[in-house]
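What follows is one structure encoded as structure tokens, with my remarks underneath.
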Amino acid sequence: MFPALRNRASPRAPCVLGAAVLVLALPLTMTARAQPEDGAAAVRLGFQQRSRYQVFDNDPRPNTAVHDQALELQTSMFVEAGRGNVRFNGELIDERTELNDAQSFLNTNHVDTLEPLQVNVSWDFSRLLAPGYTSSLKIGRFTTDIGRRRFVSRSSARNTITSYSGAEWRWRGPDGRNAQVFWAVPMRILPADKASLLANDQALDLGNRGTTLRGAYYQFRELTNPDRYEAYWFGLDQANRPNNDALPRHFDTFGFRAFRPNTAGKWSYEVELVTQHGTSSATVGGVTRRDLVHDAQYAHWEFGYTFASRMAPLVLLQYDRASGDRDPYDGRNEAFDPLFGERRFDFVPQGIYTLIARSNLRTPGIRLQFKPWPRLQAMLSYRSFALDAARDAWSGIGFRDVTGQTSRTLGRQLEGSFTWNIVPNRLAFENGFAHMWAGPFFRETAGAGFRGNPMYVYTMVTKRFGGRTP
Numbered sequence: 186m187f188p189a190l191r192n193r194a195s196p197r198a199p200c201v202l203g204a205a206v207l208v209l210a211l212p213l214t215m216t217a218r219a220q221p222e223d224g225a226a227a228v229r230l231g232f233q234q235r236s237r238y239q240v241f242d243n244d245p246r247p248n249t250a251v252h253d254q255a256l257e258l259q260t261s262m263f264v265e266a267g268r269g270n271v272r273f274n275g276e277l278i279d280e281r282t283e284l285n286d287a288q289s290f291l292n293t294n295h296v297d298t299l300e301p302l303q304v305n306v307s308w309d310f311s312r313l314l315a316p317g318y319t320s321s322l323k324i325g326r327f328t329t330d331i332g333r334r335r336f337v338s339r340s341s342a343r344n345t346i347t348s349y350s351g352a353e354w355r356w357r358g359p360d361g362r363n364a365q366v367f368w369a370v371p372m373r374i375l376p377a378d379k380a381s382l383l384a385n386d387q388a389l390d391l392g393n394r395g396t397t398l399r400g401a402y403y404q405f406r407e408l409t410n411p412d413r414y415e416a417y418w419f420g421l422d423q424a425n426r427p428n429n430d431a432l433p434r435h436f437d438t439f440g441f442r443a444f445r446p447n448t449a450g451k452w453s454y455e456v457e458l459v460t461q462h463g464t465s466s467a468t469v470g471g472v473t474r475r476d477l478v479h480d481a482q483y484a485h486w487e488f489g490y491t492f493a494s495r496m497a498p499l500v501l502l503q504y505d506r507a508s509g510d511r512d513p514y515d516g517r518n519e520a521f522d523p524l525f526g527e528r529r530f531d532f533v534p535q536g537i538y539t540l541i542a543r544s545n546l547r548t549p550g551i552r553l554q555f556k557p558w559p560r561l562q563a564m565l566s567y568r569s570f571a572l573d574a575a576r577d578a579w580s581g582i583g584f585r586d587v588t589g590q591t592s593r594t595l596g597r598q599l600e601g602s603f604t605w606n607i608v609p610n611r612l613a614f615e616n617g618f619a620h621m622w623a624g625p626f627f628r629e630t631a632g633a634g635f636r637g638n639p640m641y642v643y644t645m646v647t648k649r650f651g652g653r654t655p
């Protein structure tokens with residue numbers, strides 16, 4: 186399927202590969218937990234290691250290798266310590282890649298070496314509330330998931346993870362209601378230059394200067410039927426400061442989501458509607474314009490049915506639309522901003538593939554999920570991708586036709602993944618692939634640089650030891 190790839194491993198690769206093999210050989214029963222006596226302080230330690238080997242054929246990005254490979258290594262150590270209602274939480278993470286060279290696609294989504302990802306103190310004051318209610322406050326540096334995780338998430342697929350410095354409050358009621366409120370500074374992953382990323386150099390992450398992310402989320406009480414409803418708001422203010430990880434943007438994101446969980450022998454659905462308003466920036470032809478009126482929308486529709494059979498197959502019909510900028514030279518910007526969300530479960534694999542982002546996009550699709558055996562999960566997805574606005578860029582790659590004369594069709598993609606939970610919550614093995622048939626926009630904007638239909642495969646092993654995982 187793939188041409189023979191030349192060996193472009195760095196001189197350290199044999200050592201790293203040897204270390205990875207050693208990690209795989211660690212006993213799965215390894216734990217580290219101090220069992221306290223009543224009233225004594227407790228300490229929990231946890232460890233997680235994920236190794237993902239990837240091969241990418243016909244990478245469409247300019248100035249990258251036609252055929253590439255990468256070994257992503259993500260290693261985390263967690264600690265939770267405290268007495269009573271007060272807990273200290275820490276996480277030290279090492280995210281790096283090997284087998285890269287100067288022509289590899291590489292950025293801060295792939296490398297963040299030896300970073301204190303979480304350092305925070307949490308206070309659980311549920312005892313002060315009525316029975317059945319829980320509440321907690323967390324202060325410090327943390328990761329978080331909000332709602333369906335499309336806009337604020339702790340990525341479970343990307344090699345690096347976005348973290349925040351600030352405060353987060355959570356509350357839950359006995360009738361299904363739950364809420365989150367937070368104020369934080371998004372952290373900027375460092376180093377960011379290509380040479381340092383290739384060398385897996387280490388530097389402490391810093392907060393984006395003059396930047397705050399605020400938000401509130403609320404899920405309504407459970408009804409007599411299985412339908413659930415939630416609403417949320419995110420406010421992002423990012424100043425025009427050197428070295429920030431994005432251009433200046435100041436806007437509010439308002440969203441509403443309704444869904445019915447998947448149940449054997451039942452229909453299910455999910456509808457999420459989002460709007461953004463404020464000001465933002467955009468770059469066209471190397472020229473950056475700031476203080477544009479930002480007015481963008483996103484919508485997700487999904488309808489499915491779970492069959493009451495042994496493999497519990499779930500068939501989903503899906504459609505996503507993220508607005509694009511209709512006129513790149515006026516004083517407005519209609520391109521939807523995906524914020525800090527996860528895209529894996531909707532669109533494409535992460536790693537060195539990552540061809541689709543939640544902006545300037547229209548994509549219908551069909552998805553099949555099933556369980557051939559109790560510990561084996563499988564997924565197949567077929568999607569068609571097209572631009573929402575013909576004159577805006579393909580956000581995943583950057584190709585653009587400012588005249589709007591080219592077809593909007595990016596292509597069609599077949600994707601699959603197969604996950605084997607060998608030891609539940611301890612050892613998992615996953616294989617996956619994605620193949621895209623290039624559409625007219627893809628072929629015409631790439632021109633003579635068109636390399637063929639992109640094809641991607643990966644193999645991933647995840648190991649967990651000890652106490653809680655994030």
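Anchor point for the sequence shown: position 449 equals 634 in this note's numbering, and the numbering is continuous, going up by one each time.
Here a beta-carbon is modelled for each residue, glycine too, at the ideal position from N, C-alpha and C.
By DSSP, does G634 sit in helix, in strand, or in coil?
If DSSP states are grouped into helix, strand and coil, G634 belongs with the helices.
Exposed or buried, which one is M496 when buried takes at least 16 other CB atoms within 10 Å?
The residue in question, M496, is exposed, as its Cβ has fewer than 16 Cβ neighbours within 10 Å.
Thinking C-beta only, is R235 closer than 8 angstroms to T647?
The answer is yes: Cβ separation under 8 angstroms.
Return the CA-CA distance between Y641 and P523, expressed in angstroms with no decimal places.
Cα to Cα, Y641 sits roughly 24 angstroms from P523.
Per DSSP, M496 is paired with what?
Answer is none; M496 lacks a bridge partner.
Is it the case that the region 361-379 contacts the region 480-499, given that we only count it when at least three CB pairs across the two stretches are under 8 angstroms?
Verdict: no, contact absent.
Suppose you measure from the CA of G589 to the CA of R229; what does that come to, to the nearest Å?
Each residue's Cα considered, the two are about 57 angstroms apart.
Excluding sequence positions up to five away, which residues of its chain have a Cβ less than 7 angstroms from the Cβ of I537?
Excluding sequence neighbours, I537 sits near Q239, F241, D253, A255, F290.
Residues in its own chain within less than 7 angstroms of P221 by CB, not counting five upstream and five downstream?
Because the pLDDT of P221 is 48, which lies under 50, any placement of that residue in the model is unreliable, and the number read from its coordinates should be weighed accordingly. The residues are A227.
If we define contact as Cβ-Cβ less than 8 angstroms, is F405 a contact residue for chain C?
Although the question refers to chain C, the structure presented lacks it and comprises just one protein chain.
Please determine whether the Cβ atom of F627 lies at a distance below 7 angstroms from any heavy atom of the ligand NAD.
The ligand NAD is absent from the structure shown, which contains no ligand whatsoever.
Please specify which runs of the alpha helix (DSSP H), each continuous and at least 4 residues long, are wholly inside the region 215-284, giving them in chain order.
You should have found no qualifying run.
Is L209 helix, strand or coil by DSSP?
Note that L209 scores a pLDDT of 35, beneath 50, so its modelled location is shaky; the value from the coordinates is reported in the next line. Note: L209 maps to helix in three-state DSSP.
Would you be able to state if there are at least three C-beta pairs under 8 angstroms between the region 259-267 and the region 545-565?
Flag = no, the region 545-565 and the region 259-267 do not touch.
Taking the beta strand (DSSP E) that A369 belongs to, which residues open and close that run?
Looking at the DSSP string, the run of the beta strand (DSSP E) that includes A369 is 363-373.
Excluding the five sequence neighbours on either side, which residues of its own chain have a C-beta within less than 6 angstroms of the C-beta of A250, listed in chain order?
For A250, where only same-chain residues beyond five positions count, the Cβ hits under 6 angstroms are Q288.
Would you give the residue range spanned by the alpha helix (DSSP H) that K379 belongs to?
It spans 379-383 - the alpha helix (DSSP H) in which K379 sits, taken as one unbroken run.
Going by beta-carbon coordinates alone, are L477 and G516 separated by less than 8 angstroms?
For L477 and G516, yes; Cβs fall inside 8 angstroms.
Between R357 and Q404, what straight-line distance do the alpha-carbon atoms span, to the nearest angstrom?
The alpha-carbon atoms of R357 and Q404 are separated by roughly 9 angstroms.
Tell me the start and end of each unbroken beta strand (DSSP E) in the region 547-579 that is at least 3 residues and wholly inside, in chain order.
Within the region 547-579, the complete beta strand (DSSP E) runs of at least 3 residues are 561-571.
Spatial neighbours of I607 within its chain, please: C-beta separation below 8 angstroms, excluding the five flanking residues on both sides.
The residues are R560, A613, F614.
Buried or exposed for W579, going by 16 or more other Cβ atoms inside 10 Å?
Classification for W579: buried.
With contact counted as at least three CB pairs below 8 angstroms, one residue from each stretch, are the region 291-299 and the region 375-388 in contact?
Contact holds: three or more Cβ-Cβ distances are below 8 angstroms.
Does the Cβ of K451 have 16 or more other Cβ atoms within 10 Å, making it buried, or fewer, making it exposed?
Flag for K451 reads exposed.
Report yes if the C-beta distance between T282 and V296 is below 8 angstroms; otherwise report no.
For T282 and V296, yes; Cβs fall inside 8 angstroms.
From the DSSP output, read off the bridge partner residues of F436.
Paired residues: L421, G463.
Tell me the rounded alpha-carbon separation between L211 and D390.
Reliability fails at L211, whose pLDDT of 35 lies under 50, so the model's placement of it is uncertain and no value is given.
What is the DSSP secondary structure of F444, reduced to helix, strand or coil?
F444: strand per DSSP, three-state reduction.
Mind checking who T647 pairs with in its DSSP beta bridge?
Beta-bridge pairing links T647 to R235, A613.
Where does H485 land, buried or exposed, given buried means 16+ other C-beta within 10 angstroms?
Answer is buried; the Cβ neighbour count reaches 16.
How far does the beta strand (DSSP E) with T323 in it reach, from first residue to last?
Strictly speaking, residue 323 in this sequence is Lys, with Thr absent from that position. It spans 319-327 - the beta strand (DSSP E) in which K323 sits, taken as one unbroken run.
Grouping DSSP H, G and I as helix and E and B as strand, with all else coil, what is L524?
It is coil, neither helix nor strand.
When burial is assigned at 16 or more other CB atoms within 10 Å of the CB, is T448 buried or exposed?
Burial call: exposed.
Beta-carbon within less than 7 angstroms of R474's beta-carbon, same chain only, minus the 5 sequence neighbours each way: which residues are those?
Cβ neighbours of R474 beyond the five flanking positions: S466, A467.
Does DSSP put R628 in a helix, a strand or coil?
R628: helix per DSSP, three-state reduction.
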